[in-house]
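K.L.:
Chain order of the listed sequences is A, B and C. Its first residue numbered 1, the first sequence is counted upward by one per residue in UniProt numbering. Its first residue numbered 1, the second sequence is counted upward by one per residue in UniProt numbering. Its first residue numbered 1, the third sequence is counted upward by one per residue in UniProt numbering. Quick reminder that beta carbons are idealized off the backbone N, C-alpha and C, glycines included.
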Amino acid sequence: MSFVAQNLACQRADQLIFEDVSFSLSPGEAVWVKGRNGAGKSSLLRICARLLAPLRGQAAWHGEDIFKDYDGYIGDYHYLGHLDALKYALTVRENIDFWAEFHGIPDVASALDQFDLQALSDIPTGMLSQGQKKRTNLARLTASSAKLWILDEPLSALDLHYIALFKERLIRHLAEGGMALFATHQDLELEQVKILDLDDWAS
Amino acid sequence: MAIDLHKYANPKRFLAITGAIYPWSVGLTVVLLLVGLYLSLFVAPPDYQQGDTVRIMFVHVPAAWMALMIYTMMAISSAVGLIWKHPVADLTAKASAPIGACFTFLALVTGSLWGQPMWGTFWVWDARLTSMLILLFLYLGYMAIWESFDDPVKAAKAAAILALVGVINIPIIRFSVDWWNTLHQPASVATMDGPKIHSTILIPLLVMGLAYTAFFVMVLIIRVKAEILKRRLRVLQIAELRES
Amino acid sequence: MNRFLRLIGRDVRLAFRQGSAMTLGLSFFVIVVVLFPLGVGPELAVLARIGPGVLWVAALLACLLTLDRMFQADYEDGSLDLLMTGSLPTEILVLAKVIAHWLTSVLPLIVIAPLLGMSLNLPGDGILALTAALLIGTPTLSLIGAVGAALTMGMRRGGVLLSLLVLPLYIPVLIFGVAAVDASMAQLSATPHLLLLGGASLGALVVGPLAAAAALRLSLS
Chain A
1 MSFVAQNLAC
11 QRADQLIFED
21 VSFSLSPGEA
31 VWVKGRNGAG
41 KSSLLRICAR
51 LLAPLRGQAA
61 WHGEDIFKDY
71 DGYIGDYHYL
81 GHLDALKYAL
91 TVRENIDFWA
101 EFHGIPDVAS
111 ALDQFDLQAL
121 SDIPTGMLSQ
131 GQKKRTNLAR
141 LTASSAKLWI
151 LDEPLSALDL
161 HYIALFKERL
171 IRHLAEGGMA
181 LFATHQDLEL
191 EQVKILDLDD
201 WAS
Chain B
1 MAIDLHKYAN
11 PKRFLAITGA
21 IYPWSVGLTV
31 VLLLVGLYLS
41 LFVAPPDYQQ
51 GDTVRIMFVH
61 VPAAWMALMI
71 YTMMAISSAV
81 GLIWKHPVAD
91 LTAKASAPIG
101 ACFTFLALVT
111 GSLWGQPMWG
121 TFWVWDARLT
131 SMLILLFLYL
141 GYMAIWESFD
151 DPVKAAKAAA
161 ILALVGVINI
171 PIIRFSVDWW
181 NTLHQPASVA
191 TMDGPKIHST
201 ILIPLLVMGL
211 AYTAFFVMVL
221 IIRVKAEILK
231 RRLRVLQIAE
241 LRES
Chain C
1 MNRFLRLIGR
11 DVRLAFRQGS
21 AMTLGLSFFV
31 IVVVLFPLGV
41 GPELAVLARI
51 GPGVLWVAAL
61 LACLLTLDRM
71 FQADYEDGSL
81 DLLMTGSLPT
91 EILVLAKVIA
101 HWLTSVLPLI
111 VIAPLLGMSL
121 NLPGDGILAL
131 TAALLIGTPT
141 LSLIGAVGAA
151 LTMGMRRGGV
161 LLSLLVLPLY
171 IPVLIFGVAA
181 VDASMAQLSA
191 TPHLLLLGGA
201 SLGALVVGPL
211 AAAAALRLSL
221 S
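So this is what it looks like as structure tokens:
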């Protein structure tokens, strides 16, 4: 099981953002995408989540091209953007329930537990603080059975305690054979992480 | 990226072919337009009912043909752009829209000029005029969506989707408007179905239609070239910005 | 299938919980219809004559008003990203959103339309035909509208563009919808018009999700 990206290039509005970006992920590995603002961190993650078509290049999951309608990739990855994707009129539990069922993995209770959300679970998410929303968002991630986590700025608005908690959860995910592709401004200080600096590729 | 930009920056084959066609299209436009106008204004007989007013038809009917033909062509070239990702096809569709809108507008104006003596008013909700008016809105929507995206690649795809949905709808709209018109038609009013086609009328109509087509090809070539230059300029500006 | 239903369920629940989503379109519909007697005078014969057209035009506009929220809300909060990376094909996703839009924004209009029809002095036959025509014809509005909503998603002032794109395409529905009511009021059969409306809805069922899914992928990228 692996994720291999080769020679990815991205173009936005006639501008070449990056090209020839290659990296690979095997079970237990994490890639930290770095780069200045506008270097294309988000675009790269969106390409890997199949939300954006690359200008050139391939990416393969289990050796199958993910851009060619490869269904085996669905459900094996979970994308978390910097928007919180929460419906403020629904409660924490309803939000997570919906997504757990939508992605076909109903392990809601333990996910709520992991991020101390049991007490908040019947409160509409619109009433939560930024940090609490972020925790709900991360709980949704851990409630999924995805092997590959694609995370865009997962730590913004989290306080130190939950950053540590998230890091612990991430390390457990990796130890269980998961993979992660993430973009953060701050260093997570993971022991084993491959660094992908988009500034090196900037053209 | 370099390769893709070169398609815009240097579409040699396209420029070579259009360069060869262009002088012919100019010549044909001038000759056909002169002949067509002479035939329709001096040779064609006045209508026994409509008198000389019928001559407006020689300007109006081919314009309406062109309006429909250009939209169809636009949809075909959008499909080519969408399926084979050929950038010149997208630019052709984009460049033809304003020309088509002008022909539609011409058909509307000449239609209402014809209507004034015939109906005693500049506008009657005649089936054909109404269809033309709706077509004008379709053109305007198509042009508006091109302007609404910052990214020309995205704009091209969005416009192509719209053109294709539009072209599927045109026959349905046409049918529904005809239906609506027959339901509400007061019997006495003359319709724009026009005179019975007779060869003295058909020939000038066809010549005018060909003249319009030549004119369309001529303007289209100029416009597509301008679009290509615009894209090239944009790419150069972006490159310059990046370097500074 | 389960996911499909869950998505529709979520959207309906959201619409109920927020309330305003449903009542806004409905109030708009009622106000537009009420403006007409004030504009053309309270003469009953005139109102009965223009009634079907007024109700259909108002329904078209009310539907248009709610269209731009079809994808916009999910786009703004990032939910659409997650929906698109799920196992539901985008075309089916669009269909679920369309059904949810129709249930929450269009169905309430159809429920209240007979009442407004009575206020415009439509006879019983006419009201029956109106309800049938709305039920059969309005799915087209949501389906075609989805294409426009997906194309204009994320745009500043997308709503204005949306109306320019979508309203010309609504004309056949308007014509056949009004014709159905007129026919039944003239003691003729409304069936041919209803069949045409049904045909339009079936056609839109094929074209709408396909085109809207393409537009959605595009707008999201």
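1. Please list the partners that R234(B) has in chain A, where partner means a Cβ-to-Cβ separation under 7 Å.
2. Where does A2(B) sit, in a helix, a strand or coil, going by DSSP?
3. Would you please verify whether the beta carbon of A190(C) is less than 8 Å from any beta carbon of chain B?
4. How would you list, in chain order, the residues of chain C whose beta-carbon sits under 7 Å from the beta-carbon of L162(B)?
5. Is there a Cβ from chain C that is less than 8 Å from the Cβ of A107(B)?
6. Enumerate in chain order the residues of its own chain whose CB-to-CB distance from T80(B) is below 6 Å, with the five nearest sequence positions on each side excluded.
7. Using beta carbons (cut-off 8 Å, strictly below), is R50(A) in contact with chain C?
8. Excluding the five sequence neighbours on either side, which residues of its own chain have a C-beta within less than 8 Å of the C-beta of I92(C), listed in chain order?
9. Between the stretch 171-178 of chain C and the stretch 103-118 of chain C, can you find at least three pairs of beta-carbon atoms closer than 8 Å?
10. Going along chain A in order, which residues have a C-beta closer than 8 Å to the C-beta of I238(B)?
11. Using the C-alpha atoms, what's the distance from T104(C) back to K194(A)?
12. When you compare the CB positions of D81(C) and A85(A), do they come within less than 8 Å of one another, or not?
13. Taking the alpha-carbon positions, what's the W61(A) to G75(A) distance?
14. Does N7(A) come out as helix, strand or coil in the three-state DSSP assignment?
15. What's the C-alpha gap between D125(C) and S184(C)?
16. Answer yes or no: does any C-beta atom of chain A fall closer than 8 Å to that of R6(C)?
17. Out of curiosity, what's the CA-to-CA distance linking L130(C) and H198(B)?
18. Name the residues in the stretch 17-36 of chain C whose C-beta lies less than 7 Å from a C-beta of chain A; which are they?
19. Select from the stretch 133-151 of chain B all residues with a C-beta closer than 8 Å to any C-beta belonging to chain A, and list them in chain order.
20. On the DSSP bridge list, what partners appear for H78(A)?
21. Quick check: the stretch 130-148 of chain C against the stretch 62-71 of chain C, are at least 3 beta-carbon pairs closer than 8 Å?
22. Straight-line CA distance for S25(B) to M118(B)?
23. Got a sec, what are the start and stop residues for the beta strand (DSSP E) V31(A) sits in?
24. Could you spell out the range, first to last residue, of the alpha helix (DSSP H) harbouring F58(B)?
25. Give a yes or no on whether the C-beta atoms belonging to A139(B) and A107(B) are separated by under 8 Å.
26. The beta strand (DSSP E) that contains I203(B), what's its start and end?
27. For A101(B), I'd like the list of residues in its chain whose CB is within less than 6 Å of its CB, leaving aside the five on either flank, ordered along the chain.
28. Does G78(C) have its Cβ less than 8 Å from a Cβ in chain A?
29. Can you list the residues of chain A that L82(C) reaches, using a CB-CB cut of under 9 Å?
30. Would M132(B) and A214(B) be called neighbours here (beta carbons separated by less than 8 Å)?
P.N.:
So, from the listed chains and residues:
1. Start at 1 with the first residue of the second sequence, and residue 234(B) comes out as number 234. Within chain A, the residues near R234(B) are D14.
2. Position 2 of the second sequence holds residue 2(B). Unreliable placement is indicated for A2(B), whose pLDDT of 39 sits below 50; no coordinate value is reported for it.
3. Here residue 190(C) refers to the residue found at position 190 of the third sequence. No, A190(C) does not count as interfacial toward chain B.
4. Sequence index remark: in the second sequence, residue 162(B) carries index 162 (1-based). Contact of L162(B) with chain C by beta-carbon distance below 7 Å involves L151, L165.
5. One-based indexing of the second sequence puts residue 107(B) at position 107. Chain C, which has no Cβ nearer than 8 Å to the Cβ of A107(B), makes this no.
6. To locate residue 80(B), count along the second sequence from 1; it is residue 80. Reading off the sequence shown, one finds Val at residue 80(B), where the question assumed Thr. In the same chain as V80(B), and ignoring 5 residues on each side of it, the C-beta atoms closer than 6 Å to its own belong to H86, A89, in chain order.
7. One-based indexing of the first sequence puts residue 50(A) at position 50. It does: the Cβ of R50(A) has a partner Cβ on chain C nearer than 8 Å.
8. On the third sequence, residue 92(C) is found 92 positions in, with the first residue counted as 1. Around I92(C), the same chain offers F4, P209 as residues with beta carbons nearer than 8 Å, after the five sequence neighbours per side are excluded.
9. no
10. As a working note, residue 238(B) is residue 238 in the second sequence. In chain order: D14, Q15.
11. As a working note, residue 194(A) is residue 194 in the first sequence. As a working note, residue 104(C) is residue 104 in the third sequence. Using only the alpha carbons, I get a separation of about 48 Å.
12. If you number the third sequence from 1, residue 81(C) lands on position 81. If you number the first sequence from 1, residue 85(A) lands on position 85. Yes, the Cβ-Cβ distance between D81(C) and A85(A) is below 8 Å.
13. For the purposes of this step, residue 61(A) is taken as the residue at position 61 of the first sequence. For the purposes of this step, residue 75(A) is taken as the residue at position 75 of the first sequence. For W61(A) and G75(A), the gap between their C-alpha atoms comes out near 12 Å.
14. On the first sequence, position 7 is the one that residue 7(A) refers to. Three-state DSSP puts N7(A) in a strand.
15. Position 125 of the third sequence, counted from the start, is the residue given in the question as residue 125(C). Position 184 of the third sequence, counted from the start, is the residue given in the question as residue 184(C). Whole-angstrom Cα-Cα distance: 6 Å.
16. Start at 1 with the first residue of the third sequence, and residue 6(C) comes out as number 6. Cβ-Cβ to chain A under 8 Å: yes for R6(C).
17. Residue numbering aside, residue 130(C) sits at position 130 when the third sequence is read from its first letter. Residue numbering aside, residue 198(B) sits at position 198 when the second sequence is read from its first letter. Their Cα atoms are separated by approximately 46 Å.
18. So the close ones are R17, Q18.
19. Taking 8 Å as the Cβ-Cβ cut-off against chain A, the residues of the stretch 133-151 of chain B that qualify are D150, D151.
20. For the purposes of this step, residue 78(A) is identified with residue 78 of the first sequence, where counting begins at 1. Paired residue(s): W149(A).
21. Because the criterion of three Cβ pairs below 8 Å is met, the stretch 62-71 of chain C and the stretch 130-148 of chain C touch.
22. Translated into the one-based positions of the second sequence, residue 25(B) becomes position 25. Translated into the one-based positions of the second sequence, residue 118(B) becomes position 118. Computed Cα separation, rounded: 36 Å.
23. Residue mapping note: residue 31(A) aligns to position 31 of the first sequence, counting from 1. Its beta strand (DSSP E) spans residues 30-34.
24. Translated into the one-based positions of the second sequence, residue 58(B) becomes position 58. 56-84 is the span of the alpha helix (DSSP H), which, as asked, contains F58(B).
25. Against the second sequence, residue 139(B) aligns to sequence position 139. Against the second sequence, residue 107(B) aligns to sequence position 107. What sits at residue 139(B) in the sequence shown is Tyr, not Ala. No, they are not a contact pair.
26. The residue given as residue 203(B) occupies position 203 in the second sequence. Segment 199-243 is the alpha helix (DSSP H) holding I203(B); no beta strand (DSSP E) there.
27. By one-based count along the second sequence, residue 101(B) stands at place 101. So the qualifying residues of the chain are Y139.
28. Here residue 78(C) refers to the residue found at position 78 of the third sequence. Output row for G78(C): interface = yes.
29. Translated into positions along the third sequence, residue 82(C) becomes position 82. Under the 9 Å cutoff, chain A gives H78, Y79, L80, G81, A85, W99, F102, H103, R140.
30. Taking the second sequence and counting its residues from 1, the one referred to as residue 132(B) is at position 132. Taking the second sequence and counting its residues from 1, the one referred to as residue 214(B) is at position 214. No. Outside cutoff.
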